[in-house]
Structure formats: C-alpha cells, structure tokens
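Engineer:
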Amino acid sequence: MLHTIEHQKKKFFIGLELRTNNEECSSAMPAHKERFFVENIPSKIPNKVNGNILALYTDYEGDYTKPYSWILGCEVSSLDKIPEGLVDKVIPASNYAVFTTQGGFPQGLIVAWEAIWKSNLHRSYTSDFEVYLSDFDPQKNPQVKIYIAIDH
C-alpha cells in the first residue's frame with residue numbers, strides 16, 4: 054500500500070483510554086467507541102485545536118502483537134486541565150509513514166492496517182494515530198489517515 058513520509062511536530066492529546074491487543078480489539082473497540090460518542094467525550098475535552106478525532110495507539114509493550122493503549126480523543130493546545138476519567142498523552146515529534154484509506158469504512162481501515170502489519174517499515178512503536186477529520190462520515194466521507202511512527 055502506498056504511503057508518504059511526513060514529519061509531525063509534538064502534539065498534546067486528551068482522550069478515553071482502552072488497554073487492548075490485536076486479539077481482543079475487534080470485540081473491545083466498538084463498545085469503547087460507542088461509549089466515547091454516547092458520553093459525548095469530545096465535548097468534555099478542553100482546549101481542542103480543531104474538530105478532528107484521533108485514535109491514538111501508544112504505550113506498546115513491544116510490537117503490534119503485544120498489548121497497547123487505544124485512546125480516542127482530540128489534539129489539544131494545553132494539558133492544564135484533564136477531565137476526570139480521561140488521560141493525557143504527548144505524541145512525540147517524529148517521522149511518520151502516512152497511509153490514506155481507500156474504499157468504505159471500516160473495510161478500508163482494516164485493509165490499511167493489514168498492509169501496515171505486513172510492511173517492512175522500521176516502526177518505532179512510540180505513538181501511531183488515525184485522524185478522523187471533522188467532516189468524517191462512514192458512508193459519505195469514509196477516508197481516514199493513519200500515521201505510523203518510524204525510526205528514520
């Protein structure tokens with residue numbers, strides 16, 4: 054799958070955390086995502102820099118086959134106020150391989166991740182993230198950008 058390389062500056066992030074792994078994620082993530090939207094978590098996050106939603110993969114215990122944190126949230130300008138029940142993270146400055154999904158959602162996202170797992174990218178396993186633009190719509194605008202932190 055084609056990708057570009059981009060350097061991203063450090064980002065501040067606040068979100069709702071789920072500790073999971075690739076065996077459990079297909080059953081755990083939908084309920085976590087539903088809670089995120091039912092409880093309107095984005096409205097509780099202060100200092101948002103835009104209307105985008107990020108799905109952050111971080112705190113890896115090794116490579117993608119090991120447990121990690123999947124955190125739904127938003128990029129923020131400050132970590133001064135962290136709402137109760139949410140976590141804050143600093144997404145480090147890094148070079149990222151950037152993949153853009155093709156086709157419908159979630160099929161395009163699944164295909165992209167399978168390609169990433171099979172790729173020969175030198176992943177740093179610091180913080181990877183998906184960006185859902187404010188106008189994301191699973192039916193009308195299903196495109197997602199996936200940022201994979203790489204070592205060089």
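Numbering (our numbering), first residue to last: 54 to 205. Here a beta-carbon is modelled for each residue, glycine too, at the ideal position from N, C-alpha and C.
Give the DSSP-derived three-state secondary structure of residue 126 in the structure shown.
Structural biologist: strand
Engineer: If you reduce the DSSP assignment to three classes, tell me which class residue 85 lands in.
Structural biologist: helix
Engineer: Residue range of the alpha helix (DSSP H) that residue 135 falls in?
Structural biologist: Taken as a continuous stretch (DSSP letters only), residue 135 belongs to no alpha helix (DSSP H), as it is neither H nor E.
Engineer: Can you tell me the Cα-Cα spacing of residue 89 and residue 143, whole angstroms?
Structural biologist: 20 Å
Engineer: On the premise that residue 121 lies in contact with residue 73, defined as a C-beta separation below 8 Å, what is that separation, rounded to the nearest angstrom?
Structural biologist: Indeed, because the Cβ distance is near 7 Å, the residues count as touching under 8 Å.
Engineer: Let's test the definition: count the other Cβ atoms within 10 Å of the Cβ of residue 154 and tell me whether it reaches 16, buried, or not, exposed.
Structural biologist: buried
Engineer: Please report the straight-line C-alpha distance between residue 85 and residue 156, rounded to a whole angstrom.
Structural biologist: Annotation: residue 85 to residue 156 spans about 24 Å, alpha carbon to alpha carbon.
Engineer: Check residue 96 in the structure and name its three-state DSSP category.
Structural biologist: helix
Engineer: Closest to residue 127 by CA distance: which of 183, 54 and 58 is it?
Structural biologist: 183
Engineer: Hey, could you find the ends of the alpha helix (DSSP H) residue 164 is sitting in?
Structural biologist: 160-171
Engineer: I think residue 82 touches residue 152, with their Cβ atoms under 8 Å apart; what is that distance to the nearest whole Å?
Structural biologist: 18 Å between Cβ atoms; not a contact.
Engineer: Would you identify the three-state DSSP class for residue 147, choosing helix, strand or coil?
Structural biologist: In the three-state reduction of the DSSP assignment, residue 147 falls in the strand class, which pools E and B.
Engineer: Would the beta-carbon of residue 108 fall within 7 Å of that of residue 132?
Structural biologist: In this structure, residue 108 keeps its C-beta atom at 7 Å or more from the C-beta atom of residue 132.
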